[in-house]
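Read through the structure below, which is laid out as structure tokens, and then see the notes.
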Amino acid sequence: FACLVSLCHTGWSTVVRSQLTAASTSPVFANPEDCVTFGKGENAKKYLRTDDRVERVRRAHLNDLENIVPFLGIGLLYSLSGPDLSTAILHFRLFVGARIYHTISYLTPLPQPNRALSFFIGYGVTLSMAYRLLKNKLYL
Numbered sequence: 121f122a123c124l125v126s127l128c129h130t131g132w133s134t135v136v137r138s139q140l141t142a143a144s145t146s147p148v149f150a151n152p153e154d155c156v157t158f159g160k161g162e163n164a165k166k167y168l169r170t171d172d173r174v175e176r177v178r179r180a181h182l183n184d185l186e187n188i189v190p191f192l193g194i195g196l197l198y199s200l201s202g203p204d205l206s207t208a209i210l211h212f213r214l215f216v217g218a219r220i221y222h223t224i225s226y227l228t229p230l231p232q233p234n235r236a237l238s239f240f241i242g243y244g245v246t247l248s249m250a251y252r253l254l255k256n257k258l259y260l
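Per the working numbering, the sequence shown runs over residues 121 to 260.
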């Protein structure tokens, strides 16, 4: 089962990692040197500004990094510890679903507590995997 669980972890990890590569296509830049390709002087300055949509995407991306990286590490260790296949798949699906919903609720934006609930579901899944890993391998 450890091989199947590792395969499931790899598949679901690919889904959440692909979420990290999504980018905004707005021609807005925070650094003056990045505007050079769009013009010079006053023409370039109109692209140099803070855009609320870009900032929202940036904050969602940072939040993804803060949550997906621990999931990848703990999930890998958890999958190698030989958990029950159905329990592992439930953990992985809940986390991926919570992160996708969190991103949607962040970018749409949906009113709170949508984003907070999806964050805590994903965080709870990661904590659950860590607890099960420690409990089963360190006999806590």
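Here a beta-carbon is modelled for each residue, glycine too, at the ideal position from N, C-alpha and C.
Where residue i falls, given that 16 or more other Cβ within 10 Å makes a residue buried
i    : result
Y226 : buried
L210 : exposed
Y251 : exposed
S199 : buried
F121 : Because F121 sits at a pLDDT of 49, beneath the cut-off of 50, its placement in the model cannot be relied upon, and the following sentence gives the value as read from the coordinates. Flag for F121 reads exposed.
A180 : buried
A208 : buried
P229 : exposed
I231 : Residue 231 is actually Pro in this sequence, not Ile. Answer is exposed; the Cβ neighbour count stays below 16.
P233 : exposed
8 Å Cβ cutoff met for residue i and residue j
i    : j    : result
A218 : V245 : yes
L253 : I194 : yes
T223 : D172 : no
L214 : I241 : yes
Presumed contact (8 Å Cβ cut-off) between residue i and residue j, rounded CB distance
i    : j    : result
K257 : S201 : 6 Å
Y221 : S238 : 4 Å
Cutoff 8 Å: residue i Cβ touching any chain B Cβ
i    : result
Y243 : The question asks about chain B, but that chain is absent: this structure has only one protein chain.
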